[in-house]
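Trainee: Sharing a structure below in structure tokens format, with a few things to ask.
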Amino acid sequence: MYKGIDISNYQTNVDYSRVKNSGIQAAYLKASEGITYKDKMMATHYQGLKAQGILVGFYHFFRARSVENAIDQANFFVETIKGYNVDLKYACDVETTEGLDKNLLSSCVRTFIDRVKELTGIECIVYTGSYFSKNNLTDLLKGTQLWLAHYTNGTPSWNTNIWDTWSGWQYTSSGSVSGIFGPVDMDQFKEDLLTGRTTPPVNPNPPMGQVSGANAVVKNDWFYGRTANGDIEPGRIVDIGDRMKVIDVSYSKQLDLVEYPVPGGTRQTYIRNVVANIGYLNAPIYVSGFRQVYDRFSGANIGSVNSENVIVLEDLGNGRLNVVYSTDKGTWTKSGVITR
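In my numbering, the protein residues as written are -14 to 325.
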């Protein structure tokens, strides 16, 4: 069990070292609300708490309108938190019906949390009150985890038709924590709220790394980092404006192996080969005649180019060029090594 708090823009001028010394181990931070509001203290709270080694998660205040709007809210939440590593699963804060009946409201909440998981690879839990859960939510939410708000000195209660137990319990809204002025929401968090991807304390303002030999820049939209199989790697974002090095472009999977900047250094990941969002820095060159193409890593023959434009990704020396070229799948959809 972790001693926790949840805070937002209502808590300012926080002394995070005193918060740590008071015994706080975990904290949820408000990130967003609806489809337009971003909490102005989110980044400050995140950096301050992470620097102290406190486990951090984000929540979104949900204002249901429709299933379509729930998707829009999930997209907005994920956009707001992109690039931030988290230790706790995401949370959907459900406190208002916005005039919807319990079935439609529950469907909207379910849509939101499923969409967040789809986009990030990280589970999203439900925060709600004891009374609210019993009167406004249905078993459409079975299989989710509960962060319960019930202010009592006794045993908390909730809608047991949906949840057998709770994973988080907000037991008061009037707690006191050294380093935070005014009342604070206090919580108990169980270990099953951890993402399993806990990161160490971070430097609050680490410099961004620079990619040596960068040959492309991200434009128009950001990318999720992915595995070689195309699965999203939670917390890995290749952002708009990042100067990166495209190392390999898979013809079969249309995934690009790239090196990109992160605070304090660089990292490799795979991204979708969305050519419209990849601006190659090297101008195309014309290769005359017939050239065999070889896989950069195995050396196997993987095709040929014949009197066409290519982009040089890297000069490998000894007359060998790592290039990206066009195929039946479109422009710049395969890479390999040719000789000059």
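Where is the CB? At the ideal position from N, CA and C, for every residue including glycine.
Residues in its own chain within less than 7 Å of leucine 34 by CB, not counting five upstream and five downstream?
Mentor: For leucine 34, where only same-chain residues beyond five positions count, the Cβ hits under 7 Å are Tyr1, Ala12 and Val41.
Trainee: Any contact between the region 269 to 276 and the region 239 to 259? By contact I mean 3 or more CB pairs, one from each, below 8 Å.
Mentor: The region 269 to 276, when compared against the region 239 to 259, does not touch it at the 8 Å Cβ threshold.
Trainee: Tell me whether alanine 49 sits in a helix, a strand or coil according to DSSP, three-state version.
Mentor: Alanine 49 falls in the coil class under three-state DSSP.
Trainee: In three-state terms, what does DSSP make of aspartate 86?
Mentor: Correct three-state label for aspartate 86: coil.
Trainee: With distances taken Cα to Cα, identify the nearest neighbour of glycine 288 among Val295, Asp280 and Asn294.
Mentor: Comparing Cα positions, the closest option is Asp280.
Trainee: Determine whether the beta carbon atoms of aspartate 241 and isoleucine 256 lie at a separation below 7 Å.
Mentor: Yes.
Trainee: Report all residues from its chain with a CB closer than 6 Å to the CB of tryptophan 143; omit the five preceding and five following residues, and keep chain order.
Mentor: Result list for tryptophan 143: Ser115, Ser118 and Leu133, in chain order.
Trainee: Quick one: residues in its chain with C-beta nearer than 8 Å to the C-beta of tyrosine 156, no 5 flanking neighbours on either side, listed in chain order?
Mentor: Excluding residues within five positions, the ones whose Cβ falls inside 8 Å are His135, Tyr136, Thr137, Pro141, Met171, Asp172 and Gln173.
Trainee: Would you tell me roughly how many angstroms separate the C-alpha atoms of valine 297 and phenylalanine 61, rounded to the nearest one?
Mentor: Cα to Cα, the separation comes out at about 37 Å.
Trainee: With a cut-off of 8 Å on the beta carbons, I'd call asparagine 286 and glutamine 277 a contact; round off their distance for me.
Mentor: Yes, asparagine 286 and glutamine 277 are in contact; Cβ-Cβ is about 6 Å, under 8 Å.
Trainee: Under 7 Å, do arginine 228 and valine 196 count as touching if we go by C-beta distance?
Mentor: Going by C-beta atoms, arginine 228 is nearer than 7 Å to valine 196.
Trainee: Kindly give me the distance between the Cβ atoms of alanine 49 and leucine 90, rounded to whole angstroms, as I take these residues to be in contact under 8 Å.
Mentor: Contact holds; Cβ gap of about 5 Å.
Trainee: Output the residue ranges of the alpha helix (DSSP H) runs that lie fully inside the region 109 to 193 and measure 4 residues or longer, sorted by chain position.
Mentor: For the region 109 to 193, whole alpha helix (DSSP H) runs of length 4 or above, ordered along the chain, are 115 to 121.
Trainee: With distances taken between CB atoms, is the gap from glutamate 108 to lysine 74 smaller than 7 Å?
Mentor: Against a cut-off of 7 Å, the Cβ pair of lysine 74 and glutamate 108 comes out as a contact.
Trainee: I'd like the list of long-range same chain contacts for lysine 127, defined as Cβ closer than 6 Å, with 5 residues on each side in sequence excluded.
Mentor: Around lysine 127: Ile147.
Trainee: Give the straight-line distance between the Cα atoms of serine 152 and asparagine 54, rounded to the nearest whole angstrom.
Mentor: Distance between the alpha carbons of serine 152 and asparagine 54: 27 Å.
Trainee: What residue range is occupied by the uninterrupted alpha helix (DSSP H) comprising lysine -12?
Mentor: Run containing lysine -12: none in the alpha helix (DSSP H); it sits in the beta strand (DSSP E), -13 to -8.
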